[in-house]
Amino acid sequence: MRRGAPGRSLAALNRAFAYCPGAWAAVLVLASAGTAAAAERAPIPADASAALEGGDAAGALALAQAAAERCTASARERDACFDIWEFVAQAGLAADRADVAEIGARRAIALVAPDSEDGIGAAVVLASVLQARGRYADAEPLLRAALATAIGVEGAGGAGAAIISARLAAGLIATGNWDEAERLARRAVAVLSAMPQVPPELLAGVLVQHGLALAMLDRHAEAEPVLRRALTMTDSAGLGGTKELANATLALGIGLMGQARYADAAAMLARAVDLCERQFGKTHFETRKALVALGLAQQQLGATAEAERTLRRAVALHAVTGIWDNVEAITAAAAAGDLIAEHDPRGARIYFARATLGIRQRIDGARDYGPAAQAELRMFGPIFQRQVRVAWLSQAR
1253 MRRGAPGRSL AALNRAFAYC PGAWAAVLVL ASAGTAAAAE RAPIPADASA ALEGGDAAGA
1313 LALAQAAAER CTASARERDA CFDIWEFVAQ AGLAADRADV AEIGARRAIA LVAPDSEDGI
1373 GAAVVLASVL QARGRYADAE PLLRAALATA IGVEGAGGAG AAIISARLAA GLIATGNWDE
1433 AERLARRAVA VLSAMPQVPP ELLAGVLVQH GLALAMLDRH AEAEPVLRRA LTMTDSAGLG
1493 GTKELANATL ALGIGLMGQA RYADAAAMLA RAVDLCERQF GKTHFETRKA LVALGLAQQQ
1553 LGATAEAERT LRRAVALHAV TGIWDNVEAI TAAAAAGDLI AEHDPRGARI YFARATLGIR
1613 QRIDGARDYG PAAQAELRMF GPIFQRQVRV AWLSQAR
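To convert, count from 1 in the sequence shown and add 1252; that's this note's numbering.
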């Protein structure tokens, strides 16, 4: 396999990884074979790099795009242009411009041979951009091809293969192929855990994928130590968390509820609410879902005042969206109604009416829910069924 001209230092890749862990994880090993070639490649504009490292992703993207548009297809400039277009992809994702990131990734991948180290890295970058845009089916063949090439070069126990396996596992989790995702992520964790030079944020991210796959398979007892390890690494390194960690923490909290460990669940779900607020925003669906789960855990603990505040907040956030036919919205409204039925029957009736509206919309809409939504239905099933009966009975009076 042609090595290409990597020209990236490990330190620079670590900085890039901090902005886009999914996309740049594979490049970490596959394109860090030294810096000798760097002198022969035109550098990424220093002001663009400084802007990205300083948190100005939009500024970095604008500077990188301007530099990229000046690139030519000549053999002499191809490597330099590849670097710049890859940087456009990185900055695009950091700036929440996945559309621009995809353009950058596609321009980069067109400049290198598929079987080169740069080609493998570029394929993983593009696949990660596609995943960020929710196009998991388009990303999967790119990752499978990259994984096969990496295994052919360094073996199944290589770091590059492990990192690509973890990225592929993330997509398989999203599409409901949890068994294969768990196998891939478990192997990646084993390989990377044995390598002391692997950055903690990288290993923590892979642990999250493994724990999330285990949680989706209802193997919560196995998921718990994996995700706790990821949380410990995140805290000790001062990493601040990621969206994937927020999702995994939420999954762990729900899993602990399934084991009737309500105190542990409440603590984990409070952490999930905080992570979801910081990573997604205060009104995002994941934040609302975490609030509902936390309120139910508090209710099980007998902390009725705290549960009422939490569930009222969840209902209010759902009201902002106007969408009532998902499990969380129905459960939040019905559970809040249960909590206040004795001391505020009028308010409870309003909550039950909202739950009933969601039920009716769900039945009338007959929406086709995918694997992830079906998993959520299984998690919330018993609670959902009980609260549905309460809501209907309330309306029948």
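Positions of the beta carbon are idealized from the N, C-alpha and C atoms, including for glycine.
From the options, residue whose alpha carbon lies closest to that of residue i
i, options, result
"Leu1546", "Gly1428, Thr1494, Glu1560 and Ala1362", "Glu1560"
"Ala1402", "Glu1305, Asp1370, Gln1511 and Arg1387", "Asp1370"
"Pro1477", "Glu1594, Ala1346, Ala1503 and Ala1341", "Ala1503"
"Ala1375", "Arg1349, Glu1406 and Gly1412", "Gly1412"
"Ile1575", "Gly1373, His1595 and Arg1540", "Arg1540"
"Met1520", "Ile1296, Lys1534, Gly1505 and Glu1538", "Gly1505"
"Val1567", "Glu1558, Gly1554, Thr1583 and Gln1552", "Thr1583"
"Phe1554", "Ile1336, Cys1528, Arg1564 and Ala1518", "The question names Phe, but residue 1554 in the sequence shown is Gly. Of Ile1336, Cys1528, Arg1564 and Ala1518, the residue nearest in Cα terms is Ala1518."
"Gly1373", "Asp1335, Thr1484 and Phe1537", "Asp1335"
"Leu1395", "Glu1538, Ile1416 and Ala1587", "Ile1416"
"Met1509", "Gly1533, Leu1527, His1472 and Gln1531", "His1472"
"Leu1497", "Leu1469, Asp1526 and Asp1516", "Asp1526"
"Thr1494", "Gly1463, Glu1474, Val1443 and Phe1532", "Phe1532"
Cα-Cα separation between residue i and residue j, rounded to whole angstroms
i, j, result
"Ala1357", "Thr1556", "51 Å"
"Ala1414", "Gly1507", "27 Å"
"Ala1397", "Tyr1514", "43 Å"
"Asp1431", "Ala1465", "8 Å"
"Ala1346", "Arg1601", "45 Å"
"Val1352", "Arg1359", "11 Å"
"Ala1312", "Val1381", "18 Å"
Three-way DSSP call (helix, strand, coil) for residue i in this model
i, result
"Leu1363", "coil"
"Ala1440", "helix"
"Glu1529", "helix"
"Ala1290", "Unreliable positioning characterises Ala1290 in this predicted model, as indicated by a pLDDT of 37, which lies under 50. A coordinate reading is not provided."
"Asn1499", "helix"
"Ser1368", "coil"
"Met1447", "coil"
"Glu1476", "helix"
"Glu1321", "helix"
"Gly1554", "coil"
"Thr1494", "coil"
"Ala1275", "Interpretation of Ala1275 is limited by its pLDDT of 34, a score under 50 that renders its predicted location unreliable; the figure taken from the coordinates is listed afterwards. Ala1275: helix per DSSP, three-state reduction."
"Thr1608", "helix"
"Ile1296", "coil"
"Leu1395", "helix"
Burial state of residue i (16 or more Cβ within 10 Å)
i, result
"Met1245", "Because the chain here runs from 1253 to 1649, residue 1245 falls outside it and cannot be looked at."
"Ser1368", "buried"
"Pro1451", "buried"
"Gln1550", "buried"
"Glu1321", "exposed"
"Glu1434", "buried"
"Gly1423", "buried"
"Ala1587", "buried"
"Glu1305", "exposed"
Integer-rounded CB distance, given that residue j should sit under 8 Å from residue i
i, j, result
"Ala1524", "Ala1542", "4 Å"
"Glu1538", "Asn1499", "7 Å"
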